[in-house]
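Undergrad: Sharing a structure here in structure tokens format.
Numbering (the working numbering), first residue to last: 1478 to 1515.
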């Protein structure tokens, strides 16, 4: 998880740690397992 990628406030970090969160730049497709960059 890259909270710093989007300057996420500390109050939100606690919330998103409860599930499999990834920043939009690091996220991959759940179907093809490729990132937006590919």
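Each residue gets a CB set at the ideal place from its N, CA and C atoms; glycine is no exception. Note that the coordinates shown come from a computational prediction; the quantities given were computed from them, not determined experimentally.
1. Using DSSP's beta-bridge definition, name the partner residues of residue 1505.
2. How many angstroms separate the CA atom of residue 1497 from the CA atom of residue 1489?
3. Rounded to the nearest angstrom, what separates residue 1487 and residue 1509 at their Cα positions?
4. Which same chain residues, not among the five before or five after residue 1484, have their C-beta less than 8 Å away from its C-beta?
TA: According to the structure shown:
1. Indexing the chain shown from 1 puts residue 1505 at position 28. Residue 1505 is bridged to 1512.
2. Residue 1497 sits at position 20 when you count from the first residue of the chain shown. Residue 1489 sits at position 12 when you count from the first residue of the chain shown. Approximately 14 Å between the Cα atoms of the pair.
3. Indexing the chain shown from 1 puts residue 1487 at position 10. Indexing the chain shown from 1 puts residue 1509 at position 32. About 32 Å.
4. By 1-based counting over the chain shown, the position of residue 1484 is 7. Cβ neighbours of residue 1484 beyond the five flanking positions: none.
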